[in-house]
Amino acid sequence: AQSVTQLGSHVSVSEGALVLLRCNYSSSVPPYLFWYVQYPNQGLQLLLKYTTGATLVKGINGFEAEFKKSETSFHLTKPSAHMSDAAEYFCAAVRNRDDKIIFGKGTRLHILP
Amino acid sequence: DSGVTQTPKHLITATGQRVTLRCSPRSGDLSVYWYQQSLDQGLQFLIQYYNGEERAKGNILERFSAQQFPDLHSELNLSSLELGDSALYFCASSGGSSGSLETQYFGPGTRLLVL
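Chains A and W supply the protein sequences, listed in that same order. One gets the numbering used here by counting positions in the first sequence from 1 and adding 875 to each. One gets the numbering used here by counting positions in the second sequence from 1 and adding 461 to each.
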């Protein structure tokens, strides 16, 4: 069965520092991959997604993620953290259009002043 | 604002009761998805409807049911409620027929507390 693992339920970085949120998927067939962000008391918002083509995907708010098939990873990065990035981030995967989407447990990102 | 609306925002009820959660998708979106978010289970996909028809089913309990109406709004019915059903229930919508590959737009959620 497909699964999505996010390493670290909480990550703290200083403002201006690199943000790295890790996501690994388990699948015999490379899936389609997503990162969503959830701000407090709000629903999820898509940051970026990988379907086909370029493995480095750029999203909103300066985030990007790279699909690495050999490592079964889709880590999310941002060069310089901002206080407004404090939120919970979810990695998700789906095998095909007719499959159900599987979410990771989420990583709460804390930004230190 | 995603354009997806959910009512009510909060719901407090007792075990054994039945509740209905309502979702209005973004204008023009044909697909509606329901999710349950809880501390222990995380975010779980429950069910998807596309233009009134059930499209995909996830970890939805038999006590739960959903439907999508001709005006495309959707309702999630939760019956014989248990303490463990306390969670945040999200609705999301997307525009076309590409299923799970599409960008989903999430509503603000309905927080259900079962006492």
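Backbone N, C-alpha and C fix where the C-beta goes; we use that ideal spot for every residue, glycine too.
Neighbours of Gln877(A) across chain W, judged by C-beta separation under 7 Å, do not exist; the nearest C-beta is about 12 Å away. For the 8 Å CB-CB criterion, Ser492(W) and Gly568(W) do not form a contact.
Excluding five sequence positions before and after Gly883(A), the CB atoms of its chain that fall closer than 8 Å to its own CB belong to Leu896, Arg897 and Thr982, given in chain order. Listed along chain W, the residues sitting closer than 7 Å to Thr926(A) by beta-carbon distance are Leu562.
Shown here, Ile508(W) sits in a strand according to DSSP, grouped into three states. Counting along the chain, the unbroken beta strand (DSSP E) around Gln467(W) starts and ends at Thr466 to Thr468.
At a cut-off of 8 Å between beta-carbon atoms, Lys975(A) makes contact with chain W.
Here Glu890(A) really is in contact with Ala956(A); their C-beta atoms are around 6 Å apart, less than 8 Å. With the criterion set as a beta carbon lying under 7 Å from some beta carbon of chain A, the members of the region 484-512 of chain W are Gly503, Leu504 and Phe506, in sequence order.
When the Cα atoms are used, Tyr911(A) and Lys975(A) turn out to be separated by approximately 16 Å. Across the structure, Thr571(W) and Phe942(A) are spaced so that their CA atoms are roughly 33 Å apart. Taking a contact as a CB-CB distance under 8 Å, the pair Val886(A) and Leu987(A) does not count as one, their CB atoms being some 11 Å apart. Within the region 958-970 of chain A, the residues whose Cβ lies closer than 7 Å to any Cβ of chain W are, in chain order, Phe965 and Val969.
Pairing Leu482(W) with Leu537(W) gives a Cβ-Cβ distance under 8 Å.
With fewer than 16 other CB atoms across the displayed protein chains lying within 10 angstroms of its CB, Glu515(W) is exposed.
Under the three-state reduction of DSSP output, Asn538(W) falls in the strand class. The closest CA to that of Leu472(W), considering only Ala548(W), Ser561(W) and Ser554(W), is found on Ala548(W).
Under DSSP, Lys924(A) shares a beta bridge with Phe909(A).
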